[in-house]
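**Q** In terms of our numbering, the sequence shown is residues 13 to 155.
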Amino acid sequence: MEKMLQGIAQKQKQGLLFYRDPRVNILKSEVIKNPAAPAVASFSARGPNLILPDIIKPDISAPGIEILAAFSSAPISTTPGDMRRVNYNIQSGTSMSCPHAAGVAACVKTFHPDWSPAAIKSSIMTTGILFILAISYMSLYDK
Numbered sequence: 013m014e015k016m017l018q019g020i021a022q023k024q025k026q027g028l029l030f031y032r033d034p035r036v037n038i039l040k041s042e043v044i045k046n047p048a049a050p051a052v053a054s055f056s057a058r059g060p061n062l063i064l065p066d067i068i069k070p071d072i073s074a075p076g077i078e079i080l081a082a083f084s085s086a087p088i089s090t091t092p093g094d095m096r097r098v099n100y101n102i103q104s105g106t107s108m109s110c111p112h113a114a115g116v117a118a119c120v121k122t123f124h125p126d127w128s129p130a131a132i133k134s135s136i137m138t139t140g141i142l143f144i145l146a147i148s149y150m151s152l153y154d155k
């Protein structure tokens with residue numbers, strides 16, 4: 013039995029452990045109402061363009077403030093001898109919002125595999141405001 017457990021531990025370290033019937037418990041997340049949402053971060057670009065005022069960007073925005081994200085395994089401190097590392101970190105920026113937008117596009121693609129990237133972008137752009145209005149409408153009666 014001990015030898016079998018050592019073999020399993022070794023395979024786990026190597027990332028080779030597979031399960032025939034993998035299961036996971038997904039816990040309910042906490043809902044936090046933020047009256048400032050949805051709002052574009054102060055450091056984000058927004059339209060209209062000063063040179064070409066007819067161009068209004070961004071076409072799509074996504075959450076990008078204080079996102080828990082994977083982090084480099086490099087040491088987090090510059091102090092000699094301090095070798096602490098973290099796997100995750102709270103970050104903000106365009107690189108944090110991009111996975112949200114890509115995830116939405118991937119979700120749309122699963123329901124419409126024949127749609128072009130332009131059609132997917134159009135569907136996100138033309139339905140996003142409906143979601144915002146629905147949330148605002150629901151919040152009126154949520155009190």
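Beta carbons: idealized from backbone N, C-alpha and C, even for Gly.
At which residues does the beta strand (DSSP E) containing ALA117 begin and terminate?
**A** It is not in any beta strand (DSSP E) - ALA117 instead sits in the alpha helix (DSSP H) that spans 106-123.
**Q** Return the chain-ordered list of same chain residues with a C-beta closer than 6 Å to the C-beta of SER85, the five sequence neighbours on each side being excluded.
**A** ARG97
**Q** Examine the Cβ distances between the stretch 122-130 and the stretch 86-106 and report whether three or more of them are shorter than 8 Å.
**A** no
**Q** Which word fits ALA82, buried or exposed, when buried means at least 16 other C-beta atoms lie within 10 angstroms of its C-beta?
**A** Exposed.
**Q** Helix, strand or coil, according to DSSP, for ILE132 in the structure here?
**A** helix
**Q** Beta carbon of ASP71, beta carbon of LYS133: below 8 Å?
**A** yes
**Q** In whole angstroms, what separates the C-alpha of ILE68 from that of ARG58?
**A** 7 Å
**Q** Which residue's Cα is closest to the Cα of SER56: ILE44, ILE63, LEU39 and ALA74?
**A** Considering only alpha carbons, the answer is ALA74.
**Q** Chain D beta carbons: is any one of them nearer than 8 Å to that of ILE136?
**A** Included in the structure is just one protein chain, with no chain D present.
**Q** Write down the C-beta distance between ILE136 and ALA117 rounded to the nearest angstrom, noting that I regard them as a contact closer than 8 Å.
**A** So it is a contact: roughly 7 Å between Cβ atoms.
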